[in-house]
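The structure appears right after this line, and notes come after that.
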Amino acid sequence: MLVAADYGSNRNLMIRLNINDQSNLIDGTNPAAALSSLGQNYPNPFNAATEITYSLANDSEVEIEVRDITGRIIMQKNEGFIRAGKHTVRIDGSPLEAGIYLYSLRAGNFTETRRMTVAR
Numbered sequence: 000m001l002v003a004a005d006y007g008s009n010r011n012l013m014i015r016l017n018i019n020d021q022s023n024l025i026d027g028t029n030p031a032a033a034l035s036s037l038g039q040n041y042p043n044p045f046n047a048a049t050e051i052t053y054s055l056a057n058d059s060e061v062e063i064e065v066r067d068i069t070g071r072i073i074m075q076k077n078e079g080f081i082r083a084g085k086h087t088v089r090i091d092g093s094p095l096e097a098g099i100y101l102y103s104l105r106a107g108n109f110t111e112t113r114r115m116t117v118a119r
């Protein structure tokens with residue numbers, strides 16, 4: 000247990016943090032660290048190109064899709080079979096008109112969508 004207190008002012012502030020040394024391990028992995036995720040593209044907004052980072056909990060077939068705001072598929076990238084871990088993919092924005100787009104990552108049972116903006 001860690002306790003911090005500030006008694007120097009007219010009001011008291013006490014923070015108590017209990018640390019449990021029991022781990023939540025399943026098959027030797029930490030489930031909180033073993034989650035797939037899709038990062039925000041950078042830079043955003045962008046003009047010529049942007050990069051998207053993603054993490055995979057498991058080896059998987061990966062597909063990235065870019066849709067316009069009406070839902071029409073503008074770009075599809077089949078990345079193929081990708082190993083678990085952190086990865087980056089570059090998106091060429093030169094054929095895209097200025098506006099808001101949605102990009103999605105599909106990897107096994109995982110799907111996540113985020114928004115990006117093309118500025119001209």
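Numbering follows numbering that gives the first Met the number 0, in which position 83 of the sequence shown is assigned residue number 82; successive positions increment by one, without gaps. C-beta atoms are modelled at their ideal positions from N, C-alpha and C, and glycine is treated no differently.
Inset, instruction - Please name the residue, chosen from N43, R89, L104, V117, that lies closest to L55 on a Cα-to-Cα basis. - result: Taking each of N43, R89, L104, V117 in turn and checking the Cα distance to L55, the smallest one comes out for L104.
Inset, instruction - Please state if the CB of H86 and the CB of Y53 are separated by a distance shorter than 9 Å. - result: Cβ distance < 9 Å, so Y53 and H86 count as in contact.
Inset, instruction - With a cut-off of 8 Å on the beta carbons, I'd call E50 and R89 a contact; round off their distance for me. - result: Going by Cβ atoms, the distance from E50 to R89 rounds to 5 Å, so yes, they are a contact pair.
Inset, instruction - Return the CA-CA distance between R82 and A106, expressed in angstroms with no decimal places. - result: Note on geometry: alpha-carbon atoms of R82 and A106 lie some 11 Å from one another.
Legend entry - Short Cβ contact (9 Å threshold) for I68 with Y102: 9 Å or more divides the Cβ of I68 from the Cβ of Y102.
Inset, instruction - Return helix, strand or coil for R120, following the three-state DSSP convention. - result: Residue numbering for the chain in the displayed model covers 0 to 119; residue 120 lies beyond these limits and cannot be assessed.
Legend entry - Residue burial classification, S93 (beta-carbon count within 10 angstroms, cutoff 16): Per the 10 Å Cβ criterion, exposed.
Inset, instruction - Could you check what DSSP says for Q39 in three-state terms: helix, strand or coil? - result: In the structure shown, Q39 sits in coil (DSSP, three-state: anything other than H, G, I, E or B).
Inset, instruction - Mark I63 as exposed unless 16 or more other C-beta atoms lie within 10 angstroms of its C-beta, in which case mark it buried. - result: Around the C-beta of I63, 16 or more other C-beta atoms lie within 10 Å, and the residue is accordingly described as buried.
Inset, instruction - Reducing DSSP to helix, strand and coil, say where N108 ends up. - result: The DSSP-derived three-state label of N108 is coil.
Inset, instruction - Name the residue from L95, F45, N46 whose alpha carbon lies nearest to the alpha carbon of M74. - result: With distances taken between Cα atoms, M74 lies closest to L95.
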